[in-house]
Every structure is written in structure tokens, then in C-alpha cells.
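Quick note: the sequence shown uses the working numbering, first residue 13, plus one each step.
Backbone N, C-alpha and C define an ideal beta-carbon position, used for all residues, glycine too.
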Amino acid sequence: MNQQHDLLNVRHASLDEAKTAMSTLLEKRSSNYSLDAQLYNDPHMFRIDMEEVFQKEWLFVGMTSEIPKKGDYFTVEIGQNPVLIVRDAEGKVNAFHNTCRHRGSVICTEHRGKVANLVCPYHQWTYDLKGNLLFAGTEMNKNFDMKQHGLKSAFCRTGGGFIFVCLGKTAPDDGFDDFLTTLDEYMEPYDVENTKLAVESTMYERANWKLVLENNRECYHCAGSHPELLNTLLEWDDTEDPRAPQDFLDHYNAQAAQWDAEGIPHKHQSFGEIQRNRIVRMPLKKGTKVMTIDGAAACTKTLGRIKNRELELHAHIALTQLMEPHAI
Ligand code: FES
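Here it is in C-alpha cells:
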């Protein structure tokens, strides 16, 4: 017992030291430069990232169209936390820790499925689609309060067909309501809610999560690293950027006039004090229609209320991305 206690203290001391070191490194960092190496590869700092970012922020986990009917569910892992997303009888999307309140077994062991109730495979404790405990066997003490043993829920919100989850004790509200409202408006032309999941593929990046996100925030690397992306994608997505070239602005303005005529929102918008999320609708390169390798249409059907194929719509929506990050 004492030895175990000592081990815990060592671990906590290291973590506290890492927190102090992290604060110092962040305070002295130079703007527009990469972070200090420790912030990328120190295992204690990685653990702090997991606790302070992935277990406290809103994360995009999937689309509402993946679970169109009552009882449809999918599961995700957020760091070491198994999470279950399920649609209930009223059509609401709920998120729960995918962990039984009895002895902690994973409840839904498949990635996707459909259930009437959520039944733990270990001893068959049974929960409804709102996480309420319905059945806990016949051996529980008569004082056992079923109401106190429902599934642990996570914050769950939807907007524009996207599902977001937050595992924190409180959820950050820094502009998030405005973000969801705007996301609804920007995605409305596509009617994403009524799309169907046709194919699923999972890509695991063996990479440092901070480098992946940094990479996502610039297209400076695109021409050298994956030029095929630039067959259709414009390197710029911010009309307010003083470096944006005139031919980009001219192209954008011509497209924007058409969008305005069709009542399709497009302006670049950021949300919250620290601008966690942004939304913008951008045209693709002149002469291309969709993001295929050659820019030619891959499907004759258009989404939602979009009828004019020349009015190609590319909603570039920057969200906090769900990932299963690793330290290196
Ligand atoms: S662990 Fe789930 S019923 Fe026992």
C-alpha cells in the first residue's frame, strides 16, 4: 500500500512539474514560431494536453445522418474514454460514457449498431436510450437506488448535421451557441440530416497531434507535399487576409454574387474570444466542380436544394477535430 502511495506521489509530482514547465514555455514562446520541443514530445505534457484539451473541449465526433433512427448508435474513443452516441425515442442525440455503472464493462462493443435498450454484456444491467437504469438483476440490496445509477452522460450538441461531444464537467460556451446556429444556416442548402452513410473509411495518422493540427492550419505545404489537392482547392480561405492575392479575391467575389442571389451564406465567420471555430464557404478553383483529382463531377446528384451545378458549393468548415492523439 505504501509503495503504491509513493508511486502515485512520484507520478503527481512529475505532472505538477510538467504543468509548471508548460506554463513557463508557453509564456516565453515566440509568436509565429514552432513551440518548444518538450511541448510536442514530453509524455507528461501529452497527458496534460489530454486532460486540458481533449477532455474539456467540444469535439466533433460524427454526423447525425449516421444514426437516423431510434436506437441507432456508434462508438468513439476520446483518448482513453470510450464514448457512446445514440439516438433516443424522441429523436434526440445523446452521448454517454460507454462504461457500465456496475463493474465498468464496455456496454456497446461494436462500432455501430441498433438497440432497443443498452444492455451490458457482462451481467446484463440494462439502460434505456436516455441512459436511465431499467434493470440491475435480482440480487441488489432493497435500498439500491436505480435512479442514481444511470449511465454517465457527456455534453452533446448538434448543428448542421454535425455532432459534438464534450467530456468536461462543464462545457465551454465561448461562442459555441453562435457557432452551432451559424453552422445550421451554412449547411442548410445541403440537407445533410437526410443524407445516408454510403462508405466508411478510417485513417489513423501516426503523428504528433499538435503537428497534425498545425499542418491543418496552413496550406503553405500543399504545393510541395500533395499538389494534387491544389487541382481544385484554393490555398486561400480568408478574404480578410491582407496577403490574399487579387485574382483570388476577384474569383471569390464573382462566386459570392451568385451565392447571394441563391440565398446561400458564405462569409468568413469566427466564434468566441479565442476563435475556437470558424466557418466559411469558399469556391473551388475556376473550371473545377468538386474535389476530385481532375475537378470533374463524380456524381450527377446534387445535395439538398442545390440544383445549379455551376454554383459549386464547397463549405470549408474548420472544426475542432476528434482524434486519438499519441505523444509521438
Ligand atoms: S459490469 Fe455491466 S452488468 Fe456488470
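Original post:
the ligand FES heavy atoms versus the CB of Tyr134: any closer than 6 Å?
Top reply: yes
**OP:** Confirm, please, whether the CB-CB distance from His161 to Leu145 is below 7 Å.
**Re:** The answer is yes: Cβ separation under 7 Å.
Subject >> Residue of Val224, Arg59 and Trp137 minimising C-alpha distance to Val150 >> reply: First, the residue type needs correcting, since residue 150 is Thr and not Val in the sequence shown. Checking every option, the nearest Cα to that of Thr150 belongs to Trp137.
Original post:
So what does DSSP say about Leu37, is it helix, strand or coil?
Top reply: helix
Subject >> Rounded distance between the beta-carbons of Phe191 and Asn289, thought under 8 Å >> reply: With a beta-carbon spacing of about 5 Å, Asn289 and Phe191 fall inside the 8 Å limit used to define contacts.
Original post:
What span of residues does the beta strand (DSSP E) with Ala166 cover, start to end?
Top reply: Ser165 to Gly171
Subject >> Alpha carbon of Glu247 to alpha carbon of Cys231, nearest angstrom >> reply: 6 Å
Subject >> DSSP-derived helix/strand/coil call for Tyr85 >> reply: strand
Original post:
Do His280 and the ligand FES come close, with the Cβ less than 6 Å from some heavy atom?
Top reply: Flag unset: Cβ of His280 not near the ligand FES.
**OP:** Alpha carbon to alpha carbon, how far is Ala308 from Cys301? Give it in angstroms, no decimals.
**Re:** One detail in the question is off: residue 301 reads as Lys in this sequence, not Cys. So the two alpha carbons sit approximately 6 Å from each other.
**OP:** Answer yes or no: do Thr76 and Cys120 have a C-beta to C-beta separation smaller than 7 Å?
**Re:** No, Cβ-Cβ distance for Thr76 and Cys120 is not below 7 Å.
Subject >> Close Cβ partners of Glu78 (< 7 Å) along its chain, the five nearest in sequence each way excluded >> reply: Phe86 and Leu209
**OP:** Flag this pair as yes or no: are the beta carbons of Pro277 and Tyr198 separated by less than 7 Å?
**Re:** yes
Subject >> Asp100 vs Lys142 beta-carbon contact at 7 Å >> reply: yes
Subject >> Reference Gln50, options Asn220, Asn44, Asp157 and Pro80, closest by Cα >> reply: Asn220
Original post:
Does any heavy atom of the ligand FES sit closer than 6 Å to the C-beta of Ser117?
Top reply: Yes, Cβ of Ser117 sits closer than 6 Å to a heavy atom of the ligand FES.
Original post:
Along the chain, where does the beta strand (DSSP E) that runs through Lys222 open and close?
Top reply: Element bounds for Lys222: not the beta strand (DSSP E) but the alpha helix (DSSP H), Trp221 to Asn228.
**OP:** Look at the alpha carbon of Pro337 and the alpha carbon of Asp189, and state the distance between them as a whole number of angstroms.
**Re:** Residue placement at Pro337 is poorly supported in this model, since its pLDDT is 40, which falls under 50; the coordinates still yield a value, given next. In a straight line, the C-alpha of Pro337 is about 27 Å away from that of Asp189.
**OP:** Put Tyr232 into one of helix, strand or coil per three-state DSSP.
**Re:** Here Tyr232 sits in coil by DSSP.
Original post:
By a C-beta neighbour count over all protein chains shown, 10 Å radius and 16 as the cutoff for buried, is Met13 buried or exposed?
Top reply: Here Met13 scores only 43 on pLDDT, less than 50, and its place in the model should not be relied on; the value that follows carries that caveat. Met13 should be labelled exposed.
Original post:
For the beta strand (DSSP E) that Ile175 lies in, which residues bound it at each end?
Top reply: Phe174 to Cys178
Original post:
Can you tell me where the beta strand (DSSP E) with Met75 in it begins and where it stops?
Top reply: Where Met75 is concerned, the enclosing beta strand (DSSP E) stretches over Leu71 to Met75.
Subject >> DSSP three-state assignment for Met215, whether helix, strand or coil >> reply: coil
Subject >> Lys222 versus Asp54, Lys31 and Glu29, residue with shortest Cα-Cα distance >> reply: Asp54
Subject >> Beta-bridge partners of Gly125, as assigned by DSSP >> reply: Tyr85
Original post:
When DSSP builds the beta bridges, which residues end up paired with Ala107?
Top reply: Ile97 and Ala166
Original post:
Which residue from Met215, Asp186 and Ile291 puts its Cα closest to that of Asp196?
Top reply: Ile291
Original post:
Name the DSSP beta bridge partners of Ile60, please?
Top reply: Its beta-bridge partners do not exist; DSSP assigns none.
Subject >> Cα-Cα separation between Leu37 and Asp48, rounded to whole angstroms >> reply: In a straight line, the C-alpha of Leu37 is about 7 Å away from that of Asp48.
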